[in-house]
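*Asks:*
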Amino acid sequence: MKEAGIGIIFSPDRKKVLLIKRRDVPLWVLPGGGIDPGESPEEATLREVFEETGLKVTIRRKIGTWLPINRLTRDTFVFECSPVADSQEPSPQEESLDVRFWPVHELPIITFFLHEEWIEAALKDLPQPICEYITSITYFTCLKLLVSHPILALRYILARLGLPINLRSRYH
């Protein structure tokens, strides 16, 4: 699995955070994705945020690095980003159904739980970047998700196999 870069974009008052609703698996997530060969985590984050939201941003600070404990996750670099002055409003792109700011303490029910942890870490404003293991994604949590949300789990598995279902979701 490729390493990943994730961007957290807060509203100016830091009371809202920008999330995208994925097209292949209709979950609300932070913008980000895989780091291409020759790309730095920062470059990948800037590219992925733009590809998924249409928003041009700069890196404000590194929140941290999260490392896998199993084969279910990958090294993930999380950054707080700020929109550049002349950037357009965020909007859905090819990979997203919706893009919007949500109150940080009232995130949608179908928000990826690991991303909620990263938002909380960013809000702490720690003086140094965090380096932690991703302990919340285990084979057991995946089994629980498969049982509790079988359609989402199937769509995720198909997307990972290169067979994404990119339909407009009726679950906004």
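Under the working numbering, the final residue of the sequence shown carries the number 177; numbering is consecutive throughout.
Just so you know, even glycine gets a beta-carbon here, dropped at the ideal spot from N, CA and C.
It should be emphasised that the depicted structure is a prediction, and the values quoted were computed from it without experimental measurement.
When you compare the segment 13–26 with the segment 134–154, are there three or more beta-carbon pairs, one atom per stretch, that lie closer than 8 angstroms?
*Replies:* Counting Cβ pairs under 8 angstroms, fewer than three are found: no touch.
*Asks:* For Arg28, is the classification buried or exposed, using 16 other Cβ atoms within 10 angstroms of its Cβ as the cut-off for buried?
*Replies:* Within the sequence shown, residue 28 is the residue found at index 23, counting from 1. With 16 or more Cβ atoms within 10 Å of its Cβ, Arg28 is classed as buried.
*Asks:* Whose CA, out of Leu112, Phe118, Lys20 and Glu57, lies closest to the CA of Gly10?
*Replies:* In the sequence shown, residue 10 corresponds to position 5, counting from 1. Considering only alpha carbons, the answer is Glu57.
*Asks:* Using the C-alpha atoms, what's the distance from Glu53 back to Ser45?
*Replies:* As a working note, residue 45 is residue 40 in the sequence shown. As a working note, residue 53 is residue 48 in the sequence shown. Going from the Cα of Ser45 to the Cα of Glu53 covers about 12 angstroms.
*Asks:* If we count the other Cβ atoms within 10 Å of its Cβ and call it buried at 16 or more, is Gly12 buried or exposed?
*Replies:* Locating residue 12 in the sequence shown gives position 7, counting from the first residue. Buried, by the Cβ-count rule.
*Asks:* Only counting the same chain, and skipping five residues up and downstream in sequence, which positions put a Cβ closer than 7 angstroms to that of Pro95?
*Replies:* If you number the sequence shown from 1, residue 95 lands on position 90. If we look at Pro95 and ignore the five residues flanking it on each side, its Cβ neighbours are Leu23, Thr58, Gly59, Leu60 and Val104.
*Asks:* What's the gap between the Cα of Pro132 and the Cα of Lys67?
*Replies:* Residue numbering aside, residue 132 sits at position 127 when the sequence shown is read from its first letter. Residue numbering aside, residue 67 sits at position 62 when the sequence shown is read from its first letter. One C-alpha to the other measures close to 10 angstroms.
*Asks:* Cα separation between Gly38 and Lys7?
*Replies:* The count along the sequence shown starts at 1 and reaches residue 38 at position 33. The count along the sequence shown starts at 1 and reaches residue 7 at position 2. Each residue's alpha carbon lies about 9 angstroms from the other.
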